Amino acid sequence: KAGVTQTPRYLIKTRGQQVTLSCSPISGHRSVSWYQQTPGQGLQFLFEYFSETQRNKGNFPGRFSGRQFSNSRSEMNVSTLELGDSALYLCASRGAGAHNEQFFGPGTRLTVL
Amino acid sequence: QKEVEQDPGPLSVPEGAIVSLNCTYSNSAFQYFMWYRQYSRKGPELLMYTYSSGNKEDGRFTAQVDKSSKYISLFIRDSQPSDSATYLCAMIASGGYNKLIFGAGTRLAVHP
């Protein structure tokens, strides 16, 4: 079974630009969560989508948004990029069942210049 | 104060040592407890999952949860150089859907 895939793996953008990151969950998984990882703040929850609906949201500004498609693939968008948005963006998927085992993708490393 | 506290290390041990990694937390609503391992420039890999209090063993790894003390541990027996990585504890509160709250991560180096 293929794991969680994320594209692109690396991105370089300049301040003020916007960026879209993509995540394909494990086949059959309907929940997709996004996290930001930085050396200073560690891993922080951005938002979660389940069946195309945002179910939970972290404490990030409105510049960070996301969506989920009917095939469970998800995208996140960051508008008006700031230097502080440089981070590893991780996507995690979870299948059905009582236990909350989430599996992460390799991440997209975003550098904002 | 962070909801989950974890000593970032680094922790350096000789090969074959028993490693103890710990996290404390303040939110009594946390019900699901996980340990992830993250190698440099990779995504976190799920190592252990525990629901509520108790112990769980998987090969060289043992996870313990003590909800009364709000304290979780991961033990690695017979540590190997390939165990060198950052270990992250993570928790989900009851009703928190899939929102993982992570500790800062402990960097572990196992030297031959």
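First to last, the protein sequences are chains H and L.
Everything in the first sequence is counted per my numbering, starting at 118 for the first residue and increasing by one.
Everything in the second sequence is counted per my numbering, starting at 474 for the first residue and increasing by one.
Every residue, glycine too, gets a C-beta built ideally from N, C-alpha and C.
Computed from a predicted model, the values in this text were never measured in an experiment.
> What number of angstroms, rounded off, separates the C-alpha of Gln135(H) from the C-alpha of Ser203(H)?
Replying inline: Taking the straight line joining both Cα atoms gives about 12 Å.
> Which residue comes first and which comes last in the beta strand (DSSP E) that contains Asp539(L)?
Replying inline: Phe534 to Asp539
>> Quick check: Asn111(H) and Glu165(H), are their CB atoms within less than 8 Å of each other?
In response: Absent from the model: residue 111(H). The displayed extent of chain H is 118 to 230, so no value can be given.
>> Given this structure, state the Cα-to-Cα distance separating Asp531(L) from Leu198(H), to the nearest angstrom.
In response: 43 Å
> Which term fits Lys572(L), buried or exposed, when burial requires 16 or more other beta carbons within 10 angstroms of its beta carbon?
Replying inline: buried
> Are the beta-carbon atoms of Val486(L) and Cys562(L) separated by less than 8 Å?
Replying inline: no
> Taking just the CA atoms, how far does Gly516(L) sit from Ser168(H)?
Replying inline: 24 Å
>> Quick check on DSSP: helix, strand or coil for Ser150(H)?
In response: strand
> Thinking just about the alpha-carbon of each residue, which of Arg533(L), Tyr498(L) and Glu488(L) is nearest to the one in Asp480(L)?
Replying inline: Nearest C-alpha to Asp480(L): Tyr498(L).
> Which of the residues in the region 511-524 of chain L, read from start to end, lie with their CB under 9 Å from any CB of chain H?
Replying inline: For the region 511-524 of chain L, which is checked against every Cβ of chain H, the residues closer than 9 Å are Gln511, Arg514, Lys515, Gly516, Pro517, Glu518, Leu519, Tyr522 and Tyr524.
> Is it true that the CB of Leu230(H) sits closer than 8 Å to the CB of Thr137(H)?
Replying inline: no
> When we look at the beta-carbon of Phe186(H) and count the other beta-carbons within 10 Å, is it buried (16 or more) or exposed?
Replying inline: exposed
> How would you label Gln474(L), buried or exposed, when you count the other beta carbons within 10 angstroms and need 16 or more for buried?
Replying inline: exposed
>> Run through the DSSP bridge pairs and tell me what Ala582(L) is partnered with.
In response: Under DSSP, the beta-bridge partners assigned to Ala582(L) are Ser485(L).
>> List, in chain order, every chain L residue whose beta-carbon is nearer than 7 Å to that of Glu98(H).
In response: No statement about residue 98(H) is possible, as the shown extent of chain H runs from 118 to 230 and does not include it.
> Apart from the five residues on each side of it in sequence, which residues of its chain come closer than 7 Å, Cβ to Cβ, to Tyr524(L)?
Replying inline: Gln504 and Tyr505
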